[in-house]
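Heads up: the structure comes next, in structure tokens.
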Amino acid sequence: MNIDIYSPDAYTTGIPHEQFKWLRDNDPIHWHAHPEGGGYWVVSRHADVITVSRDFKTFSAEQGFVLVDDLPGDILDMARNQLLGMDPPKHSPLRRAVITRFTSRRLEQLEPAIREIARGMMETARNIGEVNFVESLAGDLPTAVIGSLLDIPRDMWPQMRRWSDLQTSASDPDLGGTPEEVNNASIEMGTYGFQLACERKDSGADDLISLLINQEVEGESVSEAEFASLFVQIAVAGNETTRGLISSGMYELIQRPELYRQLEQNPDLIPGAVEEMLRWTCPLHYFRRTATADAEIAGQAIAQGDKVVMLYSAANFDERVFDNPMEFNIHRDSNPHLAFGHGIHLCLGANLARLEARIFLEEFFREFGGIELTGEPAFIRSNMVHGFKQMPVRLLPR
68 MNIDIYSPDA YTTGIPHEQF KWLRDNDPIH WHAHPEGGGY WVVSRHADVI
118 TVSRDFKTFS AEQGFVLVDD LPGDILDMAR NQLLGMDPPK HSPLRRAVIT
168 RFTSRRLEQL EPAIREIARG MMETARNIGE VNFVESLAGD LPTAVIGSLL
218 DIPRDMWPQM RRWSDLQTSA SDPDLGGTPE EVNNASIEMG TYGFQLACER
268 KDSGADDLIS LLINQEVEGE SVSEAEFASL FVQIAVAGNE TTRGLISSGM
318 YELIQRPELY RQLEQNPDLI PGAVEEMLRW TCPLHYFRRT ATADAEIAGQ
368 AIAQGDKVVM LYSAANFDER VFDNPMEFNI HRDSNPHLAF GHGIHLCLGA
418 NLARLEARIF LEEFFREFGG IELTGEPAFI RSNMVHGFKQ MPVRLLPR
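If you're matching positions, the sequence shown starts at 68 in this note's numbering and goes up one per residue.
In structure tokens, the structure reads:
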């Protein structure tokens, strides 16, 4: 089979399952050429993705960051200050600083505010009737939640989403921009985060920025520069992954009216359904690592300096782990999906995304008696981000 999973065009109709299955079955550690020269190893089986994820000493996030394309030097330096681009020991104190702000108790405290945001969005959409589900519902909730958590002025929320789209969907003609615009988006967003951190240093406020910038971990505080990079990660991840989860998950329910009605009538099934939506939609196709020494994965020799790509959206359909992986099953008992990654870089906002998706579905079923597609959805043209950019629907109020 001719394998090309680098081209963004391979993803314009969804996950390229045929190619991914061939890789898992025939070449699970596959050498893939890069159009600008050289190449990278593609790891497609669940067990091998976990192996790479756990071995952070051999497979570094920091050396070349997490994208398969090499970043310009100035952008790379800033990206390495994001948690997802750090290796221990630098990674550990900052992660602990953030994770203390995403405890179960903190999330419980956030639930009423998130529910109020969701209800306001539903009421607005109900009055319109026909909407692009991605922008008007699935995208608005995570933008509003992150904006509220960080206490960012509401008039900046659209700019935050635009910066985010430029960085994650640069290859899409509707969402992306020129290389210069993409690089500027990262710099501008980081600069804005730095300004916010400076403003809130020693402020005594209880928004997430103030809580992070004014605490100490292991005797060290988070600097304004460190927060600037962390800000980019929190804002981008908070927007992109939850938007993809909610919109793609709803699409699967629309295709299966019997499952839609089961969730509508039994909210207790929603948490399990969200896990299946995460496995099925997998908002990020991959992250990259760089080998720090000669190594081996599943018998394949890997040279020091080689790029290694963990293909989450292939691992999530591995027949060796999931029974009937091509069945969308909201009752799946065992669901060790990798939609949030694995190991020390497991997504910090994973439980926040789960909470947002659960509340969204609960409030959607309360507000609406049904939903109908009015046109075919369009996927983001990207080899990294998996999700719709358009999903035209008609909302049927109760």
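The beta carbon of each residue, even a glycine, is placed where N, CA and C say it ideally should be.
Beta strand (DSSP E) segment containing H113, residue limits:
First-last for H113: H113 to R121, but that is the alpha helix (DSSP H), not the beta strand (DSSP E).
For D141, the nearest candidate out of V388, F384 and N250 (CA to CA)
N250
If you drop the 5 nearest sequence neighbours on each side, which residues of the same chain put their C-beta closer than 7 Å to that of G457?
Contrary to the premise, residue 457 reads as Gln rather than Gly in this sequence. Setting aside the 5 residues that flank it on each side, Q457 is surrounded in the same chain by N199, V201, P444 and A445, each with a C-beta closer than 7 Å to its C-beta; the list follows chain order.
Quick test of your reading: F126 and S111, contact by CB under 8 Å. State the CB separation rounded to the nearest angstrom.
Incorrect: roughly 15 Å between the Cβ atoms, too far for contact.
Across the region 302-316 and the region 267-276, are there enough close Cβ pairs to call them in contact, namely three or more that are closer than 8 Å?
no
Opposing strand residues paired with F446 [DSSP bridges]:
F455
For my contact list, G104 and A128 are in at a C-beta cut-off of 8 Å; report their separation, rounded to the angstrom.
At roughly 23 Å, the Cβ-Cβ gap does not stay under 8 Å, so G104 and A128 are not in contact.
In chain order, what residues of the same chain lie with their CB nearer than 6 Å to the CB of E394, ignoring the 5 residues before and after it?
none
Taking Cβ positions, are I280 and L326 nearer each other than 8 Å?
No, the pair does not count as a contact, with Cβ atoms beyond the cut-off.
If you follow the beta strand (DSSP E) that F395 is in, where does it begin and where does it stop?
Run containing F395: none; DSSP gives neither H nor E here.
Using the rule of at least 16 other Cβ atoms within 10 Å of the residue's Cβ for burial, across every protein chain shown, is T80 buried or exposed?
With fewer than 16 other Cβ atoms within 10 Å, it is exposed.
Of the listed residues T357, L150 and N69, nearest to D61 (C-alpha basis):
Since the displayed the chain opens at 68 and closes at 465, residue 61 lies outside it and no answer follows.
Distance check for E291 and E255, CA to CA, integer angstroms please.
15 Å
Using the Cα positions of W230 and A237, report the straight-line distance between them to the nearest angstrom.
Taking the straight line from one Cα to the other gives about 10 Å.
Go to M227, then tell me how far its alpha helix (DSSP H) extends in each direction, as first and last residue.
W224 to T235
Cβ of E342 within 8 Å of Cβ of H409?
It is not a contact, given that the beta carbons lie outside the stated cut-off.
Within its chain, find whatever has a CB closer than 8 Å to the CB of D361; leave out the 5 residues flanking it on each side and keep chain order.
The answer, listed in chain order, is A368, I369, A370 and Q371.
Can you tell me whether T308 is helix, strand or coil according to DSSP?
helix
Tell me whether L422 is buried or exposed, calling it buried when 16 or more other Cβ atoms sit within 10 Å of its Cβ.
buried
Starting from the Cα of F455, find the closest Cα among R121, I195, F427 and T348 and give me that residue.
Taking only the C-alpha atoms, the option nearest F455 is T348.
Tell me which residues share the same chain as A477 and place their Cβ nearer than 7 Å to its Cβ, disregarding the 5 neighbours each side in the sequence.
The requested residue 477 is not part of the displayed model; the chain covers only 68 to 465.
Go ahead and label R448 buried or exposed: buried means 16 or more other beta carbons lie within 10 angstroms of its beta carbon, across all protein chains shown.
R448 comes out buried.
So, are the CB atoms of L345 and A406 less than 8 Å apart?
yes
Write down the C-beta distance between Y73 and P102 rounded to the nearest angstrom, noting that I regard them as a contact closer than 8 Å.
7 Å
Quick check on the burial criterion: 16 or more other C-beta atoms within 10 angstroms. Buried or exposed for H412?
buried
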